[in-house]
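In what follows, a structure is listed as structure tokens, so that the remarks can point back to it.
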Amino acid sequence: MRVLLLQSYLGRRGVADQLVFPIGLAAVATALEAAGHEPWIVDLNVGGDDPMDRLRLELERFQPQAVGVSLRNIDSTTRKAPHVYHTQLRPTLETIRRVAPGVPTLLGGPGFTQSSRAFMERYPYDFGLKAEAEDSVVELLSDLAAPEKVPGTLWRDEHGHIHDTGERPMPDLAALPFPRRHPLDWELYRREERRRGLMLDMGVETTRGCPRRCAYCNYPWLNGRVLRRKPVQVVLDELEYLAGTFGVRQFTFTDSRFNEDPGHARAICEGIIRRGITMRWIAWLGFHGLEVDFLELMRQAGCFRVAFSPDGLLQPSLDRMRKDTSTAEIQASIEAVRKVRGLKASWSFFCTPPSTSLREQLALLGQYFYLQGSLAGRGRMVLTWCRVEEGTHFETIAREDRLLPPDADLLPDDPAMLDRLFYVPRGFEQWSRFWDRFLDAEMQARSLLGRVTAPLRRFGMKDLTPPHMRRRP
Ligand code: B12
Ligand code: SF4
2 MRVLLLQSYL GRRGVADQLV FPIGLAAVAT ALEAAGHEPW IVDLNVGGDD
52 PMDRLRLELE RFQPQAVGVS LRNIDSTTRK APHVYHTQLR PTLETIRRVA
102 PGVPTLLGGP GFTQSSRAFM ERYPYDFGLK AEAEDSVVEL LSDLAAPEKV
152 PGTLWRDEHG HIHDTGERPM PDLAALPFPR RHPLDWELYR REERRRGLML
202 DMGVETTRGC PRRCAYCNYP WLNGRVLRRK PVQVVLDELE YLAGTFGVRQ
252 FTFTDSRFNE DPGHARAICE GIIRRGITMR WIAWLGFHGL EVDFLELMRQ
302 AGCFRVAFSP DGLLQPSLDR MRKDTSTAEI QASIEAVRKV RGLKASWSFF
352 CTPPSTSLRE QLALLGQYFY LQGSLAGRGR MVLTWCRVEE GTHFETIARE
402 DRLLPPDADL LPDDPAMLDR LFYVPRGFEQ WSRFWDRFLD AEMQARSLLG
452 RVTAPLRRFG MKDLTPPHMR RRP
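Under our numbering, the first residue of the sequence shown is numbered 2, with each subsequent residue one higher.
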């Protein structure tokens, strides 16, 4: 069966959104190909200025027998650049129905999984597949007339009623091949890189799943609560394939925490060094058992930036968010990074987390300058507000604290309504405004720095202007 796989359009290009390769669709396409289907991936975020016209042309050219749409992102989840993505599902479906009437339509992806029933109710696609879909998509396409036999599926019957077959076990990651990246037009990414002055962000997985229970997090629903490992050999083969076949020079490990199993992470770094793979990469890390020699090993294996998500700084907020870490561990991670020459790092915090205090607000301010100073330009603090997501423990916290109107729509269509979904505890509204202005000032300062250092770019210096403030080349 010819299956067209679409990465949903984000509704804007080149603003604050990275250029991300659709590895979710690559994974689905790899499973479909192995089962004898013919997949073709179209990322509506690249190629041509009119994504729906591009979709029309692809539908006419490829003549698909089924169309799958990946809803990766629901909205920007950021307060500073609010944007709603999911509404693009409607014009996408309308275009498919107009150009390819009667062709079955499927929804999937992490954004879809987060609120699958709500999306099926809002947008009349025929089927929806929750969570990891390498197995379920093959089962469903083998007999579209019997979706009730495929666990993890939602579908609409002839009366418009939505049915749900419930949950299914996640696929066996150790048995899956790595996602092939060929059934799409690479040249369009290369062109978009040049147009936006950005580098394509290529994702690579080493594990799936997370056993932790952070209050705001939905990852355990997307990938389960059990850590599943991809065999080291497979990860290394994938890296060689990416470098050798497509000339990929940089990638991001997409794991929740690359070092959740430190032994597995070490084996990957050692393998990269042993095989002489010379790509640069980024990874998220947890705090437990973080050792300087492990960071050194990562650095030798090509890691140039690590990211931490402590979210809270003092113990009361860390505990209320079930972060399973301590202030001392956060500070120790800064010390560890400081000892590894050349390694860049970021720590993200919520400006106004639950159970915050005046002490924590002042400590956050101090931490901001401490990170800049102690790491001499290598360290950065990222400040955000927590967006309350449906069904998370954080939603319970926000309701306990009476911070969510009872009628709040957690999937708003209008970006202006997103603002109500960011957690700001009572008594800290002034602080929230302060952080708002603080971040504006930070952005202006970075933009100014970019302009001042512009002449040095001719001599090879990197563009320091924040990507969305750059002029298009
Ligand atoms: C790594 C990551 C990033 C990295 C990506 C690096 C890279 N090069 O890939 C970075 C930091 C760049 C990033 C950025 C953003 N991210 Co992000 N990211 C993730 C993360 C942790 C993993 C995604 C991933 O690659 N998984 C591995 C692939 C193989 O899995 P997958 O895509 O889920 O695909 C599987 C299934 O979903 C399904 N599937 C996928 N598509 C389809 C389609 C069909 C038809 C079917 C049937 C099935 C199906 O099958 C696939 C195989 O099993 C997820 C959380 C998570 N655990 O999913 C958040 C997540 C996807 N990100 C999210 C967000 C919000 C963003 C940003 C908008 C943040 C921002 N404001 O900038 C941007 C958007 C960037 C963009 N242009 O798309 C949200 C999206 C949901 C939401 N709330 O909107 C998530 C879920 C996190 C969260 N907060 O809940 N992200
Ligand atoms: S925030 Fe990270 S560590 Fe916490 S539950 Fe989610 S994926 Fe796991």
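Where is the CB? At the ideal position from N, CA and C, for every residue including glycine.
Look at C304 here: in three-state DSSP terms it is strand. By the C-beta criterion, the segment 44 to 51 is judged not to be in contact with the segment 147 to 166, since fewer than 3 inter-stretch pairs fall below 8 Å. Within the segment 181 to 257, complete beta strand (DSSP E) segments of at least 3 residues are found at 251 to 254, given in chain order. Between the C-alpha atoms of A36 and P172 there is a straight-line separation of about 15 Å. For V70, the uninterrupted beta strand (DSSP E) run begins and ends at A67 to S71, by DSSP. For L296, the CB contacts under 7 Å within the same chain, skipping 5 residues up- and downstream, are A337, V338, V341 and L344 in chain order. Annotation: L363 to L286 spans about 25 Å, alpha carbon to alpha carbon. The Cβ atoms of M2 and Q64 do not sit closer than 8 Å to each other. Between the ligand B12 and I274, a heavy atom-to-CB distance of less than 7 Å is absent.
Annotation: L56 to P92 spans about 10 Å, alpha carbon to alpha carbon. When A28, P40, L6 and S77 are compared, the shortest CA-CA separation from G12 is found for S77.
Contiguous alpha helix (DSSP H) elements confined to the segment 74 to 115 occur at 90 to 100 and 111 to 115, taking only those with 4 or more residues.
DSSP, reduced to helix, strand and coil, places H38 outside both helices and strands of the structure shown, so it counts as coil. Collapsing the DSSP output to three states places F63 in a helix. Within the model, the alpha-carbon separation for R230 versus P416 is close to 37 Å. Between F179 and R214, the alpha-carbon positions lie close to 28 Å from each other. With a minimum length of 3 residues, the unbroken runs of beta strand (DSSP E) contained wholly in the segment 296 to 354 fall at 304 to 312 and 345 to 351.
In the three-state scheme derived from DSSP, where H, G and I count as helix and E and B as strand, Q19 is classed as coil.
For H164, the beta-bridge partners assigned by DSSP are W156. Contact between P426 and P355 is confirmed by a C-beta separation of about 6 Å, below the 8 Å threshold.
T397 carries a helical assignment under DSSP once its states are collapsed to helix, strand and coil. In the DSSP assignment, W282 falls within the beta strand (DSSP E) that extends over R281 to L286. With the criterion CB distance below 5 Å from any heavy atom of the ligand SF4, the matching residues run C211, R213, C215, C218, Y220 and S257 along the chain. Distances between the C-beta of P413 and the heavy atoms of the ligand B12 are all 7 Å or more. Residues of the same chain with a CB within less than 6 Å of the CB of V233, apart from the 5 flanking positions on each side, are A268, I269 and G272 in chain order.
In the three-state reduction of the DSSP assignment, G129 falls in the strand class.
Rounded to the nearest whole angstrom, the C-alpha separation of V205 and L20 is 15 Å.
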